[in-house]
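**Student:**
In mature numbering (1 follows the signal peptide of the UniProt record, and there is no 0), the protein residues as written are -20 to -1, 1 to 1206.
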């Protein structure tokens, strides 16, 4: 600073000032720095402390946050656990009701583990093999055959007791769905649906009522291809379905199937199973493709290979199934409100079952699909609660529905008797084809009758009375509908069957008594101790006396012969009161008595029985007007006339068409007489008529057998969208036998069948014959009296030959189609010959009429002789002088006008009698007896086999067959040792050769009987498959018929099996006697020989050798002795003595040694022993003899044996007209 002052005085104060100011500041700075250092130190200390605090705070904060986090986690855990507990509680509560069901199911599954193998085996067998059987046989198959068989194995196959195979494959919900689709609700239908949907082979439905096909079409809807074999383009449809995997239904199959689908039936795939040949193309085979086959034939017979490639399923409607359907229909008609409620309720219940099943399945699906910790699945629990809530609601609705259902069913059950009656009626008429294959009726047609009867029944407020009215109306309507399509001979069979089945259903008659009446198996070994009963009648009484109902009957008849004789010999014994306590017997028991006492009156007794039980309206004979039948017809319901000889029913069609404006002249009636080349004409006519509303008549469709299948399809096609006025009328003759029947089932079932038969009785036939002419024809000939007289005789002749047919073989050996054309042509010939000749050419006329006009039908020589004899008797010159009686008291009238002849017939013709035809009154007794036997045999065949299993039935089918089989085998003799017989003698006389031949034939027969019965026995035991031959044998044994395989090796016979077998044993006994020493028996039982002709030829050969006569110039002559078999102890010196012959149509007068008039009711008196010997032709007696044919049985025809010349004091013509013959068996 001093230096500064030295340098500048001016700067020194300034320097001092600055110094003072700066120094102060330096001191402050220093102080401040010291303070700063101190403060910094303090700050450092504070900062360290703060750092420590921050660190502590972080630690505490972290601990706090950790504690808070732990707290939150724990809270969440608590909340989650509470929620899980709540969900678990809800789930447990929700599944609580399922626990019982699941526990039960688990227990069942555990049980099934042990029996699963056997159950699956039975179910698979059921699906594979049971489909073709009825409900009863299915049950027997499973429970009576398969289950016992499996239990009997060394290693027992475990199975569920009382297993229902269907339960393994379906459940209630599935069945409910099927029912909603239209499947009937009965058990049989459920089984069928299960088999159809589970079988591996293609199903083939036997569905005559079309119920199965209706369900299938509803189930599959538009995805189902429906084709007919043979229709245009059907192969293309199948090809497309095979490729796309869609189902194909081939409907209305016949018994033969087009070979074009064979590869498809057999699943003959190629190229590693990926392709199959359809037609001529190889198509890719889609694994989902399904083929369903269908036939509406009730009893088809398919080849074994077809049956092996398909699963047959019997969809034939069952009694209980049809009953439920008809109940628904009648309630719908009577109480539509009730049935609507029932229908809705049923659908609702089925829907509930389906929904419940779906909900249960959905629940199980969700539970099984849930993850390991499904308790956290809130959606699952909520869905469960929703499901259970819905299920609870449904169950409540189900309970409500059940309550309503009970009420509805109570109301519906009032009408149950109507449905029961209608169901029974359908099954009765469904069996009528056993009588004649023409008698076939569809369920659809029956349903129309049923509905119409319900609508037409008399109204009544009281339900009980209304139901009774409905039952009567339905029964009578069905009776009328069926009756008009039956032949007269079958009408009583139908009404009797109707009556018996109704009484059985109502338990008003005993099944065992009915079985006895129909079978009438009696022991024929008894000899009658009273003169008014034949041995056969007495045998029946003795057999009946062993039963509780008729015990003591034989003693009463012997003890009170006068009382019983009065009944037996009465003209109408069925109206007589029975003696003593027997008059209190039931109506059925009285029928049994009447069949024993007077079998010839059984048709009348049976008619009275029907009248008593059902009412007189069921026995009245009335013809339904054609106009009434026409009203029931429609485009889909043609009219079918079953033709009878001599009747033209199409006149009724033309007559009605004329009234309604459908005539040929107007172009609205097309009449096609079918024959060769007329098929195309008929097809065009039907096509046009269906569009324009015309009528078509197709006459004689039986003449175009090969076209009938096309006709059936054409009828179906033309009725679709056809004009409402379109109608088809068809006619056909019935086949001679069921084997020759050719009319398709489809045509017959859907048609209204009508029979028109010629009048019966001489009065009606004579009037009908005369009706073919008029006054103009009577007046046309210049030789008026001769023309009229011969024309009247021709009419009587025509009536005779036509009506004589009803007497069976005693009338004509064979059946001939005599018709009005024969008569009218004969009259034309008569007119021409009278105009051309001055004298009546009797010989020429008789020859033309007898050998050409009428004789053109005749094929039997003895019938030709009969025709010739009639003409010789009825066409004689003395008829112009009113000296010729055509019948007792009925002389050919003189010259009358047309009305005069009709009046003469009404006034002068005696009451109907076989005498009108030259026959003995016994012919009518025989005719009536045969008719009644045939009627009862037919009724027996109409009884269902199932009925044999019903309450009070004597035996099941198999039991009865086994009893008969064992009895026959037990009594069957051993065969003859031919080598031993041949070695007995070196002689080879004609008689010994006959004996050897008879033994050989008996051996053949006995061996066949033994073989077939043993084979059937194995089949009944299940050790052999039942073949068709075995089935036929079983049926024959059951119905007491001689099996065809035995008949072919035996001899003609009309016996029942029991009688036939006794006869076989008697023949064996006779052969045993003959083969003892091979010498000719003293009296030969001619009837006991297989070939009686060979024995009679042996008689000729023996005498030819003995007398050295040429065999071709010899003939047999017979002498009827006055002795019987027991009175002979050595053979005849020449020829042989024979016995066992019976005379029919007359009797042998032992005292006078001639044929004479038969005694009344003595139908086939036995002949004394006849001496048969051979004489040269020139020594043959020809005067006062009747050339009597010998037949083996009453059937005559092909059983002709020989001609015996018998002495007669009467003209031979009398015995020719009486049909006198000798029979070897009666």
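Where a beta carbon is used, it is the ideal one built from N, C-alpha and C, also for glycine.
What number of angstroms, rounded off, separates the C-alpha of residue 1032 from the C-alpha of residue 1172?
**Tutor:** Approximately 7 Å, taken between the alpha carbons.
**Student:** What's the call for residue 136, buried or exposed, on a 16-neighbour Cβ count within 10 Å?
**Tutor:** Residue 136 should be labelled exposed.
**Student:** If you follow the alpha helix (DSSP H) that residue 131 is in, where does it begin and where does it stop?
**Tutor:** Segment 127 to 131, the alpha helix (DSSP H) holding residue 131.
**Student:** Using three-state DSSP, classify residue 1156 as helix, strand or coil.
**Tutor:** Correct three-state label for residue 1156: strand.
**Student:** So, is the C-beta of residue 662 closer than 9 Å to a C-beta in chain D?
**Tutor:** Absence of chain D from the displayed structure is noted, only one protein chain being present.
**Student:** In or out: residue 500 buried (at least 16 other Cβ within 10 Å) or exposed?
**Tutor:** Buried: at least 16 other Cβ atoms inside 10 Å.
**Student:** If contact is defined by three or more beta carbon pairs under 8 Å, each pair taking one atom from either stretch, is the region 1163 to 1170 in contact with the region 1183 to 1193?
**Tutor:** With the cut-off at 8 Å, the region 1183 to 1193 and the region 1163 to 1170 touch.
**Student:** Rounded to whole angstroms, what's the CA-CA distance from residue 998 to residue 947? Just pull it up for me.
**Tutor:** Cα to Cα, residue 998 sits roughly 16 Å from residue 947.
**Student:** Could you give the distance in angstroms between the alpha-carbon of residue 132 and the alpha-carbon of residue 197?
**Tutor:** Approximately 44 Å between the Cα atoms of the pair.
**Student:** Comparing C-alpha positions only, which one of 517, 1085, 111 and 221 sits nearest to residue 968?
**Tutor:** Residue 968 has its Cα closest to that of 1085, out of 517, 1085, 111 and 221.
**Student:** For the beta strand (DSSP E) that contains residue 1174, what are its first and last residues?
**Tutor:** That residue, residue 1174, is in no beta strand (DSSP E); it is neither H nor E in DSSP.
**Student:** Can you tell me the Cα-Cα spacing of residue 507 and residue 496, whole angstroms?
**Tutor:** Cα-Cα distance, rounded: 22 Å.
**Student:** If contacts are defined as beta-carbon pairs under 8 Å, then residue 414 and residue 954 qualify, I think. What distance do you get, rounded to the angstrom?
**Tutor:** Between residue 954 and residue 414 the Cβ distance is about 38 Å, and since that is not below 8 Å, they are no contact.
**Student:** Do you know whose CA, among 793, 862 and 886, lies nearest residue 847's CA?
**Tutor:** Of the candidates 793, 862 and 886, the one whose C-alpha sits nearest the C-alpha of residue 847 is 793.
**Student:** Rank 1088, 909, 1077 and 1092 by C-alpha distance to the C-alpha of residue 1115 and give the top, closest one.
**Tutor:** Closest option to residue 1115, Cα to Cα, is 1077.
**Student:** State the DSSP-derived secondary structure class of residue 1198, mapped to helix, strand or coil.
**Tutor:** Of the three classes helix, strand and coil, the one that applies to residue 1198 here is coil, per DSSP.
**Student:** Kindly identify the DSSP beta-bridge partner or partners of residue 227.
**Tutor:** The partner list for residue 227 (beta bridge, DSSP) reads 270.
**Student:** Taking the alpha carbon of residue 853 as the reference point, which residue from 581, 441, 839 and 822 has its own alpha carbon closest?
**Tutor:** Here the closest residue by C-alpha is 822.
**Student:** Would the beta-carbon of residue 293 fall within 9 Å of that of residue 184?
**Tutor:** It is a contact, given that the beta carbons lie within the stated cut-off.
**Student:** Do residue 995 and residue 1010 have their C-beta atoms within less than 9 Å of each other?
**Tutor:** Yes. Within cutoff.
**Student:** Buried or exposed: residue 972, going by 16 or more other Cβ atoms within 10 Å of its Cβ?
**Tutor:** Buried: at least 16 other Cβ atoms inside 10 Å.
**Student:** When DSSP builds the beta bridges, which residues end up paired with residue 707?
**Tutor:** DSSP, once it has assigned bridges, lists 675 as partnering residue 707.
**Student:** Could you give the uninterrupted runs of the alpha helix (DSSP H) lying entirely in the region 896 to 984, keeping only those of 4 residues or more?
**Tutor:** Whole alpha helix (DSSP H) segments, 4+ residues: 902 to 922, 937 to 951 and 958 to 964.
**Student:** Can you tell me whether DSSP reads residue 885 as helix, strand or coil?
**Tutor:** Residue state, collapsed to three classes: helix.
**Student:** For residue 837, name the three-state secondary structure that DSSP assigns.
**Tutor:** Three-state result, residue 837: coil.
**Student:** So the beta strand (DSSP E) residue 653 belongs to, where does it begin and stop?
**Tutor:** Element bounds for residue 653: 649 to 653.
**Student:** Terminal residues of the continuous beta strand (DSSP E) containing residue 207?
**Tutor:** First-last of the beta strand (DSSP E) with residue 207: 205 to 208.
**Student:** Since residue 1040 is in the alpha helix (DSSP H), which residue starts that stretch and which ends it?
**Tutor:** Residues 1037 to 1054.
**Student:** Quick one: which unbroken beta strand (DSSP E) runs of 3-plus residues sit fully inside the region 281 to 330? Chain order, please.
**Tutor:** Entirely contained in the region 281 to 330, the beta strand (DSSP E) runs reaching 3 residues are, in chain order, 290 to 294.
**Student:** Are the CB atoms of residue 802 and residue 834 within a distance shorter than 9 Å?
**Tutor:** Yes, the Cβ-Cβ distance between residue 834 and residue 802 is below 9 Å.
**Student:** If you draw a straight line from the C-alpha of residue 639 to the C-alpha of residue 194, how long is it?
**Tutor:** Cα to Cα, the separation comes out at about 40 Å.
**Student:** Count the CB pairs spanning the region 664 to 671 and the region 576 to 591 that are closer than 8 Å, and state whether there are at least three.
**Tutor:** Cβ pair count under 8 Å is below three, so no.
**Student:** Go through its chain and collect everything with a Cβ distance to residue 809's Cβ below 8 Å, but skip five positions before and after it.
**Tutor:** Cβ neighbours of residue 809 beyond the five flanking positions: 825, 828, 829 and 833.
**Student:** Within the continuous beta strand (DSSP E) that includes residue 183, where are the two ends?
**Tutor:** Note, residue 183: beta strand (DSSP E), 182 to 186.
**Student:** Where does residue 466 fall in DSSP's three states?
**Tutor:** Residue state, collapsed to three classes: coil.
**Student:** Pick helix, strand or coil for residue 1167, following the three-state DSSP scheme.
**Tutor:** Correct three-state label for residue 1167: strand.
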